[in-house]
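Protein chains in written order, with our numbering: chain V, 1 to 381; chain W, 382 to 654.
Reviewing the structure listed below.
Dropping the structure here:
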């Protein structure tokens with residue numbers, strides 16, 4: 001069979017993000033320009049009108065997410081994209097999306113920080129902010145793609161999870177992936193599972209759930225019975241309440257809708273993870289350097305494996321716990337001062353020696369540096 | 382017994398409301414309902430978006446699609462709704478702090494776009510929900526719990542601010558002159574572009590008490606005697622206008638509307654829909 005060339009394109013990670021989002025059904029984008037995510041806004045502004053979709057450049061980062069949430073309430077799949085400083089500004093409305101249960105995808109192409117930092121340099125410094133950035137207890141789904149193809153595939157999954165669980169999904173890219181160019185394969189919608197929201201309310205109640213269910217159905221404004229949405233704790237009708245039991249039940253349901261579906265949400269990639277002495281834990285663009293290191297180590301007698309979470313939050317705890325019992329060393333490689341390291345220590349430090357290779361100077365970790373660190377770890381052992 | 386109008390437009394099971402006795406917000410909320418009734422709008426095609434504060438609790442009592450958002454951001458949320466569904470009548474109910482302080486940036490940029498939103502500011506010149514701090518519309522010299530010696534900030538004239546930023550309909554009403562305020566809201570909703578109606582409310586609990594304005598009834602009488610029409614104000618001197626509030630329609634001139642312009646873009650590239 002002849003190769004269908006139209007399916008293959010040379011794209012930058014940021015561009016692939018937009019193409020995947022369009023395939024997933026994104027028809028609204030609002031945001032504010034910020035390096036290194038700007039190409040996502042630019043391509044959205046070009047491409048959305050062709051699909052009858054809408055693009056708007058808002059006056060700031062906060063309105064960038066607010067308008068996207070408004071469009072989502074009106075029944076349109078929506079996305080906003082930003083980078084470090086903008087991600088900080090969006091946090092309050094991420095919490096609003098969590099409690100009001102409004103689907104939205106928030107892309108954060110991470111750059112070196114804090115503050116303005118090194119605006120054009122790579123980093124993975126927002127991993128913990130993705131989990132804890134907005135105030136109060138709230139569920140989090142964060143996905144970190146490892147390549148341009150992975151960006152295209154995973155942004156589609158991000159939209160699906162957001163619609164399925166009525167929750168904000170944080171798409172945690174890094175500058176490496178965002179600006180890398182690769183040839184990738186794009187799929188027609190028909191070949192994919194695309195999840196659209198179920199608009200049929202239970203008993204006419206916008207926040208009611210069925211037995212042993214955690215996710216209410218979401219009717220769009222203007223398509224049925226008018227109802228109320230609020231960021232206050234609310235009852236099944238969507239109205240504010242100070243009733244502590246209702247507040248407790250709602251908060252528990254929000255947490256459980258993610259916890260109870262961890263198997264569906266969690267995704268990771270592993271290489272030789274079940275047959276190694278040293279397990280590398282990495283994610284995002286860092287996987288590229290780690291793969292380079294593996295090639296160099298092939299001829300050595302050190303057995304190295306990799307666990308790369310694609311879903312960063314919730315973290316694949318069970319898998320790491322299981323692997324930690326089989327290895328001597330765990331080496332966490334990430335472009336920050338040690339963030340996923342905290343999660344790895346908590347899960348695995350009773351079973352294995354935890355080592356760390358990080359970088360905070362705005363340059364990328366090279367395969368050679370990883371090879372040296374692996375050798376050092378195994379010498380000391 | 383609630384009136385037929387109230388039965389139709391409010392979620393009566395959600396009453397009583399949380400506002401203090403004597404608060405003017407209930408009057409303004411009713412004005413919005415009467416305007417919607419008079420315009421004969423389909424309730425499912427009306428969305429009320431509000432922010433945070435006393436004003437913004439109105440949305441929950443009103444029987445339309447209602448979105449109670451985050452502090453200052455109502456206009457930004459409303460922009461997304463209107464873009465996604467231009468058929469929807471989108472009305473923003475906000476307060477003076479919500480619209481002009483924390484949300485001031487969204488206000489001026491929505492004006493600039495002339496997107497078809499109707500913003501009604503329930504303007505009580507004070508932060509009521511947090512207990513009486515001075516706001517961007519507290520008149521200079523007056524007091525709040527954070528301006529114990531008198532407010533030294535200048536105060537915004539919201540219709541003038543909106544007009545300068547590009548709004549195509551601006552007006553001011555109050556709680557005493559009810560039929561006129563309803564008319565102004567109706568005209569604001571009918572304007573195919575950005576409309577701002579500054580609704581002067583009364584807050585006897587905080588603004589009134591801090592500034593010795595007397596009871597709610599006294600404050601209503603104040604509005605009766607000091608809210609003067611635009612035509613009357615035109616013939617008054619600077620000194621005569623001191624302490625007065627000018628009400629009426631200030632600007633009403635159409636201009637290209639934002640969602641229409643975007644629809645043209647979609648058409649020009651041959652986009653579907």
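The beta-carbon is built from N, C-alpha and C at its ideal position, and this holds for glycine as well.
Nearest-angstrom Cβ-Cβ length linking residue 502 of chain W and residue 580 of chain W, presumed shorter than 8 Å:
About 6 Å separates the two Cβ atoms, so the contact holds.
List, in chain order, every chain W residue whose beta-carbon is nearer than 9 Å to that of residue 264 of chain V.
Against residue 264 of chain V, chain W offers no close residue; the least beta-carbon distance is about 28 Å (beta-carbon pairs closer than 9 Å).
Could you check the C-alpha separation between residue 459 of chain W and residue 472 of chain W for me, to the nearest Å?
Cα to Cα, the separation comes out at about 8 Å.
Along the chain, which unbroken stretches of the alpha helix (DSSP H) at least 4 residues long are found entirely within the segment 194 to 239 of chain V?
Segments of the alpha helix (DSSP H) lying fully in the segment 194 to 239 of chain V: there are none.
Contact set between residue 458 of chain W and chain V, taken where Cβ atoms lie within less than 8 Å:
Listed along chain V are 66, 67, 69, 70, 73, each with a C-beta nearer than 8 Å to that of residue 458 of chain W.
Could you please tell me which residues of the segment 408 to 433 of chain W, in chain order, have their CB closer than 7 Å to any CB of chain V?
Listed by position, the residues of the segment 408 to 433 of chain W near chain V (Cβ gap below 7 Å) are 424, 425, 426, 428.
Within the same chain, show all residues whose beta-carbon is closer than 7 Å to that of residue 408 of chain W, passing over the 5 residues directly before and after it, in chain order.
Excluding sequence neighbours, residue 408 of chain W sits near 556, 559.
Alpha carbons only, please: which of W:616, W:572, W:601, W:479 is nearest the one belonging to residue 634 of chain W?
Here the closest residue by C-alpha is W:572.
Residue range of the unbroken alpha helix (DSSP H) whose run includes residue 608 of chain W
Looking at the DSSP string, residue 608 of chain W is not in any alpha helix (DSSP H); the run it does join, the beta strand (DSSP E), is 608 to 610.
Indicate the three-state DSSP secondary structure (helix, strand or coil) for residue 548 of chain W in the structure shown.
It is coil, neither helix nor strand.
Taking Cβ to Cβ, would you say residue 171 of chain V is nearer than 7 Å to residue 126 of chain V?
Not in contact: residue 171 of chain V and residue 126 of chain V (Cβ atoms no closer than 7 Å).
Can you pull the chain V residues whose beta carbon is under 9 Å from the beta carbon of residue 487 of chain W, in chain order?
Residues of chain V with a Cβ closer than 9 Å to the Cβ of residue 487 of chain W are, in chain order, 58, 59, 60, 62, 63, 66.
In chain order, what residues of the same chain have a beta carbon less than 7 Å from the beta carbon of residue 386 of chain W, not counting five sequence neighbours either side?
Counting only Cβ-Cβ distances below 7 Å, and skipping sequence neighbours, we find 414, 415, 418.
For residue 475 of chain W, would you say it is in contact with chain V, using Cβ-to-Cβ distances shorter than 7 Å as the test?
No, no contact with chain V.
Nonlocal neighbours in the same chain, by C-beta distance under 6 Å from residue 112 of chain V, ignoring five residues either side:
If we look at residue 112 of chain V and ignore the five residues flanking it on each side, its Cβ neighbours are 118, 121, 123, 362.
Between the CA atoms of residue 593 of chain W and residue 587 of chain W - distance to the nearest angstrom:
One Cα belongs to residue 587 of chain W, the other to residue 593 of chain W, and the distance between them is close to 10 Å.
Is residue 518 of chain W near the ligand COA, going by C-beta to nearest heavy atom under 6 Å?
By its list of ligands, the structure shown contains no ligand whatsoever, and the ligand COA lies outside what it can speak to.
If you draw a straight line from the alpha carbon of residue 362 of chain W to that of residue 554 of chain W, how long is it in whole angstroms?
The displayed coordinates of chain W run from 382 to 654. Any statement about residue 362 of chain W would go beyond what the structure contains.
Residue 165 of chain V burial status per 10 Å Cβ neighbour count (16 or more: buried)
The residue in question, residue 165 of chain V, is buried, as its Cβ has 16 or more Cβ neighbours within 10 Å.
Does residue 638 of chain W come out as helix, strand or coil in the three-state DSSP assignment?
Here residue 638 of chain W sits in coil by DSSP.
Per DSSP, residue 173 of chain V forms a beta bridge with which residues?
Answer by DSSP bridge pairing, in chain order: V:109.
Curious, which full-length alpha helix (DSSP H) runs of at least 4 residues does the segment 278 to 324 of chain V contain?
Counting only runs of at least 4 residues, the segment 278 to 324 of chain V fully encloses the following alpha helix (DSSP H) elements, listed from N- to C-terminal order: 286 to 297, 317 to 324.
Whether residue 139 of chain V touches residue 255 of chain V by CB criterion (7 Å)
Yes, Cβ-Cβ distance for residue 139 of chain V and residue 255 of chain V is below 7 Å.
Residue 181 of chain V: first and last residue of the uninterrupted beta strand (DSSP E) it sits in
Note, residue 181 of chain V: beta strand (DSSP E), 181 to 185.
List the residues of chain W whose Cβ lies closer than 8 Å to the Cβ of residue 28 of chain V, in chain order.
Within chain W, the residues near residue 28 of chain V are 461, 464, 465.
For residue 229 of chain V, go through chain W and note every residue whose CB falls closer than 8 Å to its CB, in chain order.
Under the 8 Å cutoff, chain W gives 447, 448, 449.
Alpha carbon to alpha carbon, how far is residue 202 of chain V from residue 447 of chain W?
Each residue's Cα considered, the two are about 19 Å apart.
How big is the Cα-Cα spacing for residue 652 of chain W and residue 49 of chain V?
Taking the straight line from one Cα to the other gives about 6 Å.
Since residue 332 of chain V and residue 312 of chain V are thought to touch, with beta carbons under 8 Å apart, how far apart are those beta carbons, to the nearest angstrom?
Separation of the CB atoms of residue 332 of chain V and residue 312 of chain V is rounded to 13 Å, and the pair is thereby denied contact status at 8 Å.
What are the partner residues of residue 254 of chain V, as DSSP defines its beta bridges?
Residue 254 of chain V is not bridged to any residue.
For residue 489 of chain W, which residues in the same chain have their Cβ closer than 6 Å to its Cβ, ignoring the five residues on either side in sequence?
The answer, listed in chain order, is 546.
Identify the contact partners of residue 52 of chain V in chain W, using a Cβ-Cβ distance below 9 Å as the criterion.
Neighbours of residue 52 of chain V on chain W, chain order: 647, 652, 653, 654.
Report the residue from V:147, V:337, V:142, V:257 whose alpha carbon sits nearest the alpha carbon of residue 107 of chain V.
Nearest of V:147, V:337, V:142, V:257 to residue 107 of chain V, Cα basis: V:142.
Give the DSSP bridge partners of residue 626 of chain W, in chain order.
In the DSSP output, where bridge partners are listed per residue, residue 626 of chain W has W:608.
Given this structure, state the Cα-to-Cα distance separating residue 19 of chain V from residue 624 of chain W, to the nearest angstrom.
Rounded to the nearest angstrom, the two C-alpha atoms are 58 Å apart.
Beta-carbon gap between residue 611 of chain W and residue 627 of chain W smaller than 7 Å:
In contact: residue 611 of chain W and residue 627 of chain W (Cβ atoms closer than 7 Å).
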